[in-house]
Amino acid sequence: MSTPDSKRIEQEDPVEYVETTTDELAPLYRQMLAIRRMEEASAKAYSQGKIGGFLHLIIGQEAVCVGATAALKPEDYVVATYREHGHAYAKGVAARGIMAELYGKKTGCVKGLGGSMHIFDKATNFLGGYGIVGGHVPIGAGAAFASKYRGDGRVTLCFFGEGASTIGGFAEGLALAALWKLPIVLICENNQYSMGTPLYRSLAVEDVSLRALGHGMARDRFDGDDVVKVKRRIGEAVERARTSGEPTLVEVVTYRFRGHSMSDPGLYRTKDEVEEWKRRDPLNRCRQRLIDIGFADADLEALEADVKAEIEDAVKFAEDSPPADDYKSYVVKE
Ligand SMILES: Cc1ncc(C[n+]2csc(CCOP(=O)(O)OP(=O)(O)O)c2C)c(N)n1
């Protein structure tokens, strides 16, 4: 069982980076950058009225989904919340399919009928995208139960926020995962606010990972500043799930730079607080780390140009695509 180290979370600045190589780090940086650019592009399109409904962005938290998903095999499952565009991308869903889905277009990965909160892609084993806070944790437990039942060796990662950890669905999913020894890693992305509510107003005990103890479950807690650290620590939990079928509750402390959704100006926190976290931006740190360990300037330039082209292409694809068909055309008639 790993030891939670909450003190290091406050003290670890500058970050003590985990050993890595440019070969390992460059693709992780590329994914983080693509997610950042995709989120920025969707925010712009939303402001222009081209995307409807809700839009929850993960800007600032990219290292968590990218690092965690990097510890998986393609056949493993990911279940996430309504703040899931980045998780889908990290699991392998194409930017085109995600962006077109946000635009409500027929070429979206859910044919434009799901939208921002309901990204889903069977081909990459990305199992959604759920809008009911905590309601997807038992769904994650169900996917892990299916893997155990079939003996297919797959692991499920289930992401949720610290606010979700106060919800009944979370308690039920956690209890079943522990009781049935399911191959699942429950990942709390603690971004310190549920909508406008700071965690000290919603959690009696702020260390979410402690909840594992009541179930005799393994736990871990660390900061989400270094994508490689996330990959290694989640990797330990994935290994535990795969080899011994033991679940783990992992809390990763992170921060979202923008409001809860596009309609939230985030007035419940000070500019200084947000600026302080932006100074620690995991994306910038990852870029700097890549340079420090010897990634060539020309390679970095090419990587960043490639990401720019990919996201511009995704936006153009979404804009040029036809609107979604009427949902009734997909209803199976008896
Ligand atoms: C059951 C339920 N209650 C309330 C809401 C409204 N709601 C949407 S997001 C949210 C905050 C959740 O915060 P957290 O779990 O910390 O995740 P974050 O949004 O910070 O990623 C709330 C209360 C909801 N969607 N579902």
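Basically this note's numbering = 1-based index in the sequence shown + 131. We treat Cβ as the ideally placed atom computed from N, Cα and C, and that holds for glycine. All values reported here derive from a predicted model rather than from experimental measurement.
query                                                                                                                                                 : result
Any residues whose CB sits closer than 7 Å to a heavy atom of ligand 1? List them in chain order?                                                     : H187, T212, Y213, R214, G262, I263, V264, G265, G266, F291, G292, E293, G294, A295, I298, E320, N322, Y324, S325, M326, R387, H391
Can the beta-carbon of Y160 be found closer than 9 Å to that of V462?                                                                                 : no
Assign N415 to one of two classes, buried (16 or more other C-beta atoms within 10 Å of its C-beta) or exposed (fewer than that).                     : exposed
Helix, strand or coil, according to DSSP, for T200 in the structure here?                                                                             : helix
Would G327 and H391 qualify as a contact pair, given that the criterion is a beta-carbon distance under 9 Å?                                          : yes
Taking the beta carbon of V268 as the centre, do at least 16 other beta carbons fall within 10 Å, making it buried, or is it exposed?                 : buried
Which class does T321 belong to by DSSP, given the choice of helix, strand or coil?                                                                   : As written in the sequence, residue 321 is Asn, which differs from the Thr given in the question. Strand, per DSSP.
So what does DSSP say about L164, is it helix, strand or coil?                                                                                        : helix
Work out the CA separation of A429 and V264 for me, nearest whole Å.                                                                                  : 44 Å
What first and last residue would you give for the alpha helix (DSSP H) that runs through T374?                                                       : 358-375
Once you ignore the five residues that flank T238 on each side, which residues in its own chain have a CB closer than 8 Å to its CB?                  : R227, G228, A231, F448, A449, S452, P453
In its own chain, which residues sit with a C-beta less than 7 Å from the C-beta of P396, not counting the 5 before and 5 after it?                   : G390
Who are the near neighbours of D252 in its chain, counting only those whose CB is closer than 6 Å to its CB and skipping five residues on each side?  : V224, C240
Grab me the residues of G292's own chain with a C-beta within less than 8 Å of its C-beta, minus the 5 sequence neighbours each way, in chain order.  : T212, R214, V264, C319, E320, N321, N322, S325
Taking 9 Å as the cut-off, decide whether the C-beta atoms of L188 and M393 are in contact.                                                           : yes
Can you give me the C-alpha to C-alpha distance between V80 and A343, rounded to a whole angstrom?                                                    : Outside the shown range of the chain, which is 132 to 465, sits residue 80, and nothing can be said about it.
How would you label S317, buried or exposed, when you count the other beta carbons within 10 angstroms and need 16 or more for buried?                : For the record, residue 317 in the displayed sequence is Leu; it is not Ser. Buried, since its Cβ has 16 or more Cβ neighbours within 10 Å.
In angstroms, rounded to a whole number, what distance separates the CA positions of D351 and V339?                                                   : 10 Å
Using 10 angstroms around the beta-carbon of A335, count the other beta-carbons present and answer buried if the total reaches 16, otherwise exposed. : exposed
Cα-Cα, which of D456, K464, C417, A433 is closest to R167?                                                                                            : C417
Could you tell me whether the Cβ atoms of A275 and P378 are closer together than 9 Å?                                                                 : yes
Does DSSP classify V383 as helix, strand or coil?                                                                                                     : strand
Could you compute how far the alpha carbon of P413 sits from the alpha carbon of S333?                                                                : 26 Å
Which two residues bound the contiguous alpha helix (DSSP H) that contains R332?                                                                      : 330-333
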